[in-house]
Amino acid sequence: MAHYELTMPVAEDVVRGLRINDTVTLQERLFGIRDATQIALFDRGRRTRLDLRGHAVIHTAPNVKKVAASAEFPTGYASVCIGTTTSMRMERFTRPLMEREGVRLIIGKGGMGQGTLDAFRDIGGAYLAIVGGAAALETTWIEAIEEVDLDDLHPESLWKFRIKGFGPLLVTMDSHGNSLHAQVNADAAARRAAVLASIGAA
Numbered sequence: 061m062a063h064y065e066l067t068m069p070v071a072e073d074v075v076r077g078l079r080i081n082d083t084v085t086l087q088e089r090l091f092g093i094r095d096a097t098q099i100a101l102f103d104r105g106r107r108t109r110l111d112l113r114g115h116a117v118i119h120t121a122p123n124v125k126k127v128a129a130s131a132e133f134p135t136g137y138a139s140v141c142i143g144t145t146t147s148m149r150m151e152r153f154t155r156p157l158m159e160r161e162g163v164r165l166i167i168g169k170g171g172m173g174q175g176t177l178d179a180f181r182d183i184g185g186a187y188l189a190i191v192g193g194a195a196a197l198e199t200t201w202i203e204a205i206e207e208v209d210l211d212d213l214h215p216e217s218l219w220k221f222r223i224k225g226f227g228p229l230l231v232t233m234d235s236h237g238n239s240l241h242a243q244v245n246a247d248a249a250a251r252r253a254a255v256l257a258s259i260g261a262a
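Heads up: the sequence shown begins at 61 in our numbering, then just goes up one per residue.
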């Protein structure tokens with residue numbers, strides 16, 4: 061287990077160096093994305109003007125408020141609370157997100173499935189987990205909303221955040237075929253089977 065400070069964007073070899081149980085803290089830039097964003101990009105053929113190559117995305121639809129545009133609030137949005145949503149329902153978008161847009165890291169809750177693990181292996185990526193209930197803390201790691209695209213999908217727009225010390229986050233899926241989520245599920249299933257067998261209910 062090791063801890064990594066990553067200034068975004070990062071190259072493939074850096075991401076392939078990550079292993080489950082490592083921790084990561086991100087610096088500089090992070091992109092926010094959610095279901096509607098990816099449906100627009102990959103089901104409806106829309107494109108973004110933002111460059112996601114080598115970057116991390118976080119599964120979020122942030123709570124923001126409109127303010128007067130300024131140097132502090134260049135997009136006219138101020139952060140209120142920027143939390144993380146469950147990732148699994150976005151499973152089918154991982155490969156196109158990586159292949160077409162160049163994303164390297166995904167941040168979310170609950171992990172993702174075999175399709176994501178395969179994409180990480182083939183292209184070079186990793187999943188960084190956040191526990192539920194950490195939205196207030198996450199918000200303190202975001203310095204500003206620098207840009208927003210596809211804003212007709214608000215709040216599931218494509219957000220570009222300026223960040224400082226975003227983490228530490230736990231690597232729970234890596235490019236070497238390892239998934240802590242799969243390991244926990246398998247362990248829970250084995251324990252359940254053992255309990256059922258012990259009471260003759262298997």
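By construction, the Cβ of each residue, glycine as well, lies at the ideal position given by its N, Cα and C atoms. Only a predicted model underlies this, so the values are computations on that prediction, with no experimental measurement involved.
Assigned secondary structure, residue i (DSSP; H/G/I helix, E/B strand, else coil)
i      : result
Val255 : helix
Leu165 : strand
Ala71  : coil
Ala261 : coil
Thr145 : coil
Outcome for residue i when other beta-carbon atoms lying within 10 angstroms are tallied against a minimum of 16
i      : result
Ile259 : exposed
Glu65  : exposed
Val127 : exposed
Asp212 : exposed
Glu53  : Since the first residue of the chain shown is 61 and the last is 262, residue 53 is not available in this structure.
Asp111 : exposed
Ala121 : buried
Ala179 : buried
Thr146 : exposed
Thr176 : buried
Val244 : exposed
Arg164 : buried
Gln174 : exposed
Leu86  : buried
Leu256 : exposed
His241 : buried
Ser130 : exposed
Glu132 : exposed
Met61  : exposed
Lys220 : buried
Asp103 : exposed
Start and end residues, beta strand (DSSP E) containing residue i
i     : result
Leu66 : His63 to Thr67
Where the alpha helix (DSSP H) through residue i begins and ends
i      : result
Leu177 : Gln174 to Ala179
List, from N- to C-terminal side, the alpha helix (DSSP H) runs of 4 residues or more that fit wholly inside the segment 83 to 134. Counting only runs of at least 4 residues, the segment 83 to 134 fully encloses the following alpha helix (DSSP H) elements, listed from N- to C-terminal order: 95 to 98.
At least three beta-carbon pairs within less than 8 angstroms, the segment 116 to 124 to the segment 78 to 95: Touching, per the Cβ criterion.
What are the complete alpha helix (DSSP H) segments, minimum 4 residues, inside the segment 188 to 248? Whole alpha helix (DSSP H) segments, 4+ residues: 195 to 200.
Per the contact definition of three or more C-beta pairs closer than 8 angstroms, is the segment 136 to 144 in contact with the segment 155 to 166? Between the segment 155 to 166 and the segment 136 to 144, the count of Cβ pairs shorter than 8 angstroms is below three; the stretches do not touch.
Touching by the beta-carbon criterion (3+ pairs, under 8 angstroms), the segment 178 to 194 and the segment 226 to 237: In short, these stretches touch, since the Cβ pair count reaches three.
Do the segment 213 to 220 and the segment 93 to 109 make contact, defined as three or more Cβ pairs closer than 8 angstroms? The answer is yes - the segment 93 to 109 touches the segment 213 to 220, with three or more Cβ pairs under 8 angstroms.
For the segment 191 to 199 and the segment 248 to 255, state whether three or more C-beta atom pairs, one from each stretch, are separated by less than 8 angstroms. As far as the Cβ criterion goes, the segment 191 to 199 does not touch the segment 248 to 255, which means the pair count is below three.
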